[in-house]
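Undergrad: Chains as they are written, first to last, in this note's numbering: chain A, 1 to 134; chain B, 1001 to 1134. All C-beta atoms, glycine included, are put in the ideal place defined by N, C-alpha and C. Note that the structure is a prediction, hence the values are computed from the model and not measured.
Number of protein chains: 2
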Amino acid sequence: MKIMEVSEQFGLSSDTLRYYERVGLIPPVNRNGSGMRDYNELDLRRVEFIKCMRSAGLPVEVLIEYVGLVQQGDQITEARKEILIEQRGLLIARMKEMQNTLDILNHKIEVYENAVLRKEKEIVQAEDQALEIS
Amino acid sequence: MKIMEVSEQFGLSSDTLRYYERVGLIPPVNRNGSGMRDYNELDLRRVEFIKCMRSAGLPVEVLIEYVGLVQQGDQITEARKEILIEQRGLLIARMKEMQNTLDILNHKIEVYENAVLRKEKEIVQAEDQALEIS
DNA sequence: CCTTGACTTGGAGTCGACTCCAAGTGTTAT
DNA sequence: ATAACACTTGGAGTCGACTCCAAGTCAAGG
């Protein structure tokens, strides 16, 4: 699979895909006869994983470390697990902050909506008064 | 309240507080006789609001626009509401991505833990075999 | 054969959000 | 009253994460 197709499939620019490979977020992708990247299934799964982790804000640097450990083989799964656990903690913390902000946003939006309702009520009242109904 | 105290209270550097004021995230803070910032209650609430929004990733640029509209008075609450609603949508989307990543992290961590358990079981089995128990 | 267009590289540039710096002023403690 | 230290300003520098560029290679269509 060519870089452009991968780019389209995941919504990452080919520049980004090459950048990820350059810095070690993705191990070197195999090339076809003329030196062009040819992504296989495993590469695609790696891209997807990185895209997912990055979309949640895990730092490139940390992911490089993790991917490096994965390449080292199956001896050091403990270190890999530690990284994931630490990042999970940070992620949960960020999500809590975001939930808090979301609550406040919801509250503010509600206040704006109530303000509009009040204003509409006032207008109706004013109209009623003009018609001497109330 | 002096900038240093505000900095400590909110965990934002004084540089950041001055930066927020400079770019318009916070309206100009009153100064004491010798030209130094003296934050009042309202200023503190503004700082807290911005800190909260920023902690959830709302862009500085958007917040500048929102704060600008707030300064314009109570005519244009609709535009302000729109901004909040849009940002809430983006926030919810980010949180969903993060939840997805969190699920995957949890799954991977579980796999690592099971791997450790399996390895321990193998060791026990090996010991049993050595002792010719099984 | 020649153009068009995707690919390659290394390196430079950009962007958002701070963060730091130099040079100067003000305040407090010894 | 002099040192030590928080504050001021405008502007420059940094950092993370891309994003773009120039110069060159390769495959396919007219």
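Taking the straight line between their C-alpha atoms, what separation do you get for ILE1003(B) and LEU90(A)?
TA: Rounded to the nearest angstrom, the two C-alpha atoms are 29 Å apart.
Undergrad: Who pairs with ARG1031(B) in a beta bridge, going by DSSP?
TA: Answer is ARG1037(B), bridged to ARG1031(B).
Undergrad: Could you name the residues of chain B that ARG88(A) contacts, counting a contact when the two beta carbons are closer than 8 Å?
TA: Those within 8 Å of ARG88(A) in chain B are LEU1102, LEU1105, ASN1106, ILE1109.
Undergrad: With H, G and I counted as helix, E and B as strand and the rest as coil, what does DSSP make of ALA79(A)?
TA: Note: ALA79(A) maps to helix in three-state DSSP.
Undergrad: Can you tell me whether ILE1050(B) sits near the ligand FMN, meaning its C-beta is under 7 Å from at least one heavy atom of the ligand?
TA: Ligands are entirely absent from the displayed structure, and the ligand FMN is therefore not among its contents.
Undergrad: With distances taken between CB atoms, is the gap from VAL23(A) to VAL60(A) smaller than 8 Å?
TA: Yes, the Cβ-Cβ distance between VAL23(A) and VAL60(A) is below 8 Å.
Undergrad: Thinking C-beta only, is ILE1109(B) closer than 8 Å to ILE85(A)?
TA: Yes.
Undergrad: Just to confirm my understanding: we take LYS51(A), look at its own chain, exclude 5 residues before and 5 after, and list those with CB closer than 7 Å. What are they?
TA: PHE10, LEU12, listed in sequence order.
Undergrad: What does the Cβ neighbour count give for ILE92(A), buried or exposed, with the cut at 16 atoms within 10 Å?
TA: Burial call: exposed.
Undergrad: MET1004(B) lies in the alpha helix (DSSP H); which residues open and close that run?
TA: Start and end: 1003 to 1010.
Undergrad: Does GLN1087(B) pass the burial test, meaning 16 or more other C-beta atoms within 10 Å, or should it be called exposed?
TA: Label assigned to GLN1087(B): buried.
Undergrad: Between the alpha carbons of LYS81(A) and LEU44(A), how many angstroms are there, rounded?
TA: Cα to Cα, the separation comes out at about 22 Å.
Undergrad: Nearest by alpha-carbon distance to GLN71(A): which of ARG46(A), GLY35(A), LYS119(A), VAL124(A) is it?
TA: For the residues ARG46(A), GLY35(A), LYS119(A), VAL124(A), the minimum Cα distance to GLN71(A) belongs to ARG46(A).
Undergrad: Which whole-angstrom value describes the C-beta separation of ALA1079(B) and LEU1063(B), a residue pair presumed to lie in contact below a C-beta threshold of 8 Å?
TA: About 14 Å separates the two Cβ atoms, so there is no contact after all.
Undergrad: Taking 8 Å as the threshold (C-beta atoms), are THR101(A) and ALA1056(B) in contact?
TA: In contact: ALA1056(B) and THR101(A) (Cβ atoms closer than 8 Å).
Undergrad: Can you tell me whether DSSP reads LEU1084(B) as helix, strand or coil?
TA: In this structure, LEU1084(B) counts as helix in the three-state DSSP scheme.
Undergrad: Indicate whether at least one CB of chain A lies closer than 8 Å to the CB of MET1001(B).
TA: Not an interface residue.
Undergrad: Does the Cβ of ILE1076(B) have 16 or more other Cβ atoms within 10 Å, making it buried, or fewer, making it exposed?
TA: Exposed: under 16 other Cβ atoms inside 10 Å.
Undergrad: Please state whether DSSP places ILE64(A) in a helix, a strand or coil.
TA: Three-state DSSP puts ILE64(A) in a helix.
Undergrad: Determine whether the Cβ of LEU42(A) lies closer than 8 Å to any Cβ atom of chain B.
TA: Not one chain B Cβ lies under 8 Å of LEU42(A).
Undergrad: I want to verify the contact list: residues of chain B whose CB lies under 7 Å from the CB of LEU84(A), in sequence order.
TA: Under the 7 Å cutoff, chain B gives LEU1105, LYS1108, ILE1109.
Undergrad: Sorted by chain position, which residues of the same chain lie with C-beta nearer than 7 Å to GLU1021(B)'s C-beta, five sequence neighbours on each side aside?
TA: Within the same chain, GLU1021(B) has close Cβ partners PRO1028, VAL1029.
Undergrad: Is the CB of ALA56(A) under 8 Å away from at least one CB in chain B?
TA: Chain B contact via Cβ: present.
Undergrad: Does ILE1123(B) pass the burial test, meaning 16 or more other C-beta atoms within 10 Å, or should it be called exposed?
TA: When all chains shown are included, ILE1123(B) counts as exposed.
Undergrad: Under DSSP, the alpha helix (DSSP H) around SER1014(B) begins and ends at which residues?
TA: SER1014(B) -> alpha helix (DSSP H) spans 1014 to 1023.
Undergrad: Would you mind stating whether MET1001(B) and MET95(A) have Cβ atoms separated by less than 8 Å?
TA: Not closer than 8 Å, so no.
Undergrad: DSSP on GLY73(A), reduced to helix/strand/coil?
TA: Three-state result, GLY73(A): coil.
Undergrad: Give the secondary structure of ILE1057(B) by DSSP, where H, G and I count as helix, E and B as strand, and everything else as coil.
TA: Before going on, a small fix: residue 1057(B) reads as Gly here, not Ile. Correct three-state label for GLY1057(B): coil.
Undergrad: With 8 Å set as the bound, which would you pick, yes or no: does the beta-carbon of ALA1115(B) sit closer than that to a beta-carbon of chain A?
TA: Answer yes: the Cβ-Cβ gap between ALA1115(B) and chain A drops below 8 Å somewhere.
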